Amino acid sequence: MPPTLDELIPELRAAVLAADHARADRLACDYAEAVRQLWETLPEPERAASPLPRATRELLTWARGMTIVQRAIAGEQFAVVQKLTRYKSPPSQDAARSAIQVRA
């Protein structure tokens, strides 16, 4: 039995927050399919009053925004690492040896 919308929503949010993009992508596809199936079962009068389109738009907009923020943060962190590796000289063998001294 495929998961329900109520089961997929927290899983999708957790995957997005964990930056598990492969899982989030799979769950977003599963969520879209579950929404489509539910929408097709609704009679026309219920569709007009349904909160489903708004809730779906809000969830997917949130997921997109979080992903953009996460990518920006990761990009900034990567830039810092690149800058550090450019300016930091490699440790010399002598410095590593003198840092640890064992006396008997």
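Under this note's numbering, the first residue of the sequence shown is numbered 8, with each subsequent residue one higher. Every residue, glycine too, gets a C-beta built ideally from N, C-alpha and C. All values reported here derive from a predicted model rather than from experimental measurement.
Would residue i be called buried (16 or more neighbouring beta carbons within 10 Å of its own) or exposed?
{"i": "residue 94", "result": "exposed"}
{"i": "residue 81", "result": "exposed"}
{"i": "residue 66", "result": "buried"}
Note down, in chain order, each residue of its chain lying with its Cβ closer than 8 Å to the Cβ of residue i, except the 5 sequence neighbours on either side.
{"i": "residue 41", "result": "9, 10, 11, 12, 15"}
{"i": "residue 73", "result": "23, 24"}
{"i": "residue 50", "result": "none"}
{"i": "residue 135", "result": "The question about residue 135 has no answer here: the residues shown for the chain are numbered 8 through 111."}
Keeping to the same chain, check which residues put their C-beta closer than 6 Å to that of residue i; ignore five residues upstream and five downstream.
{"i": "residue 63", "result": "42"}
{"i": "residue 17", "result": "none"}
Is the Cβ-Cβ distance between residue i and residue j less than 8 Å?
{"i": "residue 31", "j": "residue 56", "result": "no"}
{"i": "residue 59", "j": "residue 35", "result": "no"}
{"i": "residue 26", "j": "residue 77", "result": "yes"}
Using a Cβ-Cβ cutoff of less than 7 Å, which residues in the same chain neighbour residue i once the five nearest sequence positions on both sides are dropped?
{"i": "residue 79", "result": "none"}
{"i": "residue 68", "result": "none"}
task: Please list the segments of the beta strand (DSSP E) lying wholly inside the stretch 48-94, counting only runs of 3 or more residues, in order along the chain.
output: As for any beta strand (DSSP E) of minimum length 3 sitting wholly inside the stretch 48-94, there is none.
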